[in-house]
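Remarks on the structure that follows.
Residue numbers (the numbering used here), protein chains in the order written: chain Z, 23 to 327; chain A, 163 to 448.
Printed below as a string of structure tokens:
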């Protein structure tokens, strides 16, 4: 291979610069959209983007996720018409209390799938096929509670000569996905430094547009200084916007940069039982006009004790 | 399964332990109910070999780790932070040093589920005579009286690999004639499904705070789905007590043995290695 004539560690000109703000991302979204949200439970959720939706005019959304506090927050604010999920949990608090309330009051529609089956819906969308087959769901009430779920008969006979019936998990058609990474470059190459990527790469591939927030935007040439090659799982061809958002996953965890803010999460969870506390939470945290202002309030709270 | 008192066995092992290791003071306390339950869960894994042992909940985790530390050393275990750890870890200790033997992010975990090389221990808010489990909701699923954990991975688990249930509050509220939502399908639900599913599906045990149940009731080709059978009662529990606390007709054999007591080595492992902080006590109301 002929040596590259220029400086070998400099990217050629013409790579896009996709940096934007949380509000720029929201401006790309519209009411009624189906939006995938990465992370898992109360882990590495793009919370600064979720809060930007919370303070926007957006409504009638369908959100698709391995759900955490984004489900409770956006449901309680009336932003969400429908939630498609593998589960909804805050991890250290197993039941998301605002989600629980929305379910018991019947204020949201839901599509609940087996956790593994949910992965296949993302995979089908990423691969642009109409469905992936699985046995998960047969025999359980997953088929009854989701009357739109269909089965498909295998075109191949099994060892017993029988053509097996399988569940066809439909591709999740996502208008947009929101994910949070530890690092990214301005062109949209994303890096996770924690123990699990979860399904963020599939959310990016499944969506018509993907917006990535990250703890820190770095030069492409320094990405490999903090993590091995194997951490670069989000190539820029699947990313449309990059938001630098330090502590952007707060109060969910974002290792190794920070753990979950358990005290904050506990306070959030308690607001489900107390409308006044919820109103105060919304005003102080969800209606903070920018992520910078949110961080300022957070730091002030730290010094308040 | 021996039905006699294990006193003589216990004594024999005590002698052996005195010769080979010094048992801590903790061993002077006789086995408590929570320790009998941990051993009953460990027993569910006997014979599993080199698979993913995947217990959920405090007592199940202690039971799984106990099985691996004693009679099932080939099993692999996750520790809930994306790795398989090869050393015996104290339950609930996130900072314990881990001997990592493989990376196991969630996506790979689903691959293991679908491979069948896994035995999970799950809870059940409700369970019926055929082993149908409800983790999802109480009341009508569309607008539940109480939203519970959800289907979670139960539908996929049951049709792919072995499952054991852990129910620390055995009562007619948890052992019910009909569950409100089927998260994990029982034997009657999988009977009409494919041969592959029927082969993969096994509810090995149901361990409660009172007893151990199984589904080993199918004699010959009666064509009936297996029903829950009383396998053993924990020491101090009467058979009638279990029958009364069960909201359906439990199959009760003529002779019901007692669940076995932990060996001294097992007691030492539980008390000093796997759960030195006594977290298992919190799953038992009193």
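Using N, Cα and C, we set each Cβ at its ideal position, and we do this for glycine too.
Note that the coordinates shown come from a computational prediction; the quantities given were computed from them, not determined experimentally.
Test: residue i CB closer than 7 Å to a CB of chain Z
i: residue 309 of chain A; result: yes
i: residue 343 of chain A; result: yes
i: residue 324 of chain A; result: no
i: residue 359 of chain A; result: yes
i: residue 421 of chain A; result: no
i: residue 313 of chain A; result: yes
i: residue 356 of chain A; result: yes
i: residue 328 of chain A; result: no
i: residue 305 of chain A; result: yes
i: residue 352 of chain A; result: yes
Whether residue i touches residue j by CB criterion (7 Å)
i: residue 72 of chain Z; j: residue 263 of chain Z; result: no
i: residue 158 of chain Z; j: residue 172 of chain Z; result: no
i: residue 372 of chain A; j: residue 332 of chain A; result: yes
i: residue 261 of chain Z; j: residue 224 of chain Z; result: no
i: residue 312 of chain A; j: residue 298 of chain A; result: yes
i: residue 247 of chain A; j: residue 212 of chain A; result: no
i: residue 218 of chain Z; j: residue 244 of chain A; result: yes
i: residue 273 of chain A; j: residue 446 of chain A; result: no
i: residue 118 of chain Z; j: residue 110 of chain Z; result: yes
i: residue 82 of chain Z; j: residue 54 of chain Z; result: yes
i: residue 52 of chain Z; j: residue 282 of chain Z; result: no
i: residue 421 of chain A; j: residue 396 of chain A; result: yes
i: residue 144 of chain Z; j: residue 194 of chain Z; result: yes
i: residue 289 of chain A; j: residue 337 of chain A; result: yes
Segment limits, beta strand (DSSP E) that includes residue i
i: residue 233 of chain Z; result: 232-239
i: residue 106 of chain Z; result: 102-110
i: residue 191 of chain Z; result: 185-192
i: residue 400 of chain A; result: Element bounds for residue 400 of chain A: n/a, residue is neither H nor E.
i: residue 265 of chain A; result: 262-265
i: residue 153 of chain Z; result: 153-156
i: residue 247 of chain A; result: 245-247
i: residue 370 of chain A; result: 364-370
i: residue 280 of chain A; result: 280-284
i: residue 373 of chain A; result: 373-376
i: residue 266 of chain Z; result: 263-266
i: residue 59 of chain Z; result: 56-59
i: residue 280 of chain Z; result: Where residue 280 of chain Z is concerned, there is no enclosing beta strand (DSSP E), given that its DSSP letter is neither H nor E.
Pairwise C-alpha distance: residue j and residue i
i: residue 244 of chain Z; j: residue 321 of chain A; result: 46 Å
i: residue 194 of chain A; j: residue 93 of chain Z; result: 42 Å
i: residue 317 of chain Z; j: residue 200 of chain Z; result: 20 Å
i: residue 389 of chain A; j: residue 351 of chain A; result: 12 Å
i: residue 254 of chain A; j: residue 37 of chain Z; result: 47 Å
i: residue 162 of chain Z; j: residue 174 of chain Z; result: 17 Å
i: residue 299 of chain Z; j: residue 437 of chain A; result: 38 Å
i: residue 184 of chain A; j: residue 425 of chain A; result: Note that residue 184 of chain A scores a pLDDT of 46, beneath 50, so its modelled location is shaky; the value from the coordinates is reported in the next line. Answer to the nearest angstrom: the Cα atoms are 15 Å apart.
i: residue 142 of chain Z; j: residue 319 of chain A; result: 15 Å
i: residue 85 of chain Z; j: residue 289 of chain Z; result: 24 Å
i: residue 251 of chain Z; j: residue 242 of chain Z; result: 12 Å
Delimiting residues of the alpha helix (DSSP H) encompassing residue i
i: residue 206 of chain A; result: 195-206
i: residue 149 of chain Z; result: 137-149
i: residue 70 of chain Z; result: 69-76
i: residue 120 of chain Z; result: 119-127
i: residue 318 of chain A; result: 316-320
i: residue 301 of chain Z; result: 297-303
i: residue 247 of chain Z; result: 245-248
i: residue 91 of chain Z; result: 91-98
i: residue 220 of chain Z; result: Premise fails: residue 220 of chain Z is in no alpha helix (DSSP H) and is neither H nor E.
Closer than 7 Å to chain A by CB, residue i
i: residue 106 of chain Z; result: no
i: residue 109 of chain Z; result: yes
i: residue 176 of chain Z; result: no
i: residue 164 of chain Z; result: yes
i: residue 90 of chain Z; result: no
i: residue 53 of chain Z; result: no
i: residue 138 of chain Z; result: yes
i: residue 59 of chain Z; result: no
i: residue 283 of chain Z; result: no
Coarse secondary structure for residue i, derived from DSSP in three states
i: residue 420 of chain A; result: strand
i: residue 238 of chain A; result: strand
i: residue 203 of chain Z; result: strand
i: residue 214 of chain Z; result: coil
i: residue 180 of chain Z; result: coil
i: residue 274 of chain A; result: helix
i: residue 183 of chain A; result: Interpretation of residue 183 of chain A is limited by its pLDDT of 45, a score under 50 that renders its predicted location unreliable; no figure is taken from the coordinates.
i: residue 303 of chain A; result: coil
i: residue 337 of chain A; result: strand
i: residue 222 of chain A; result: helix
i: residue 319 of chain Z; result: helix
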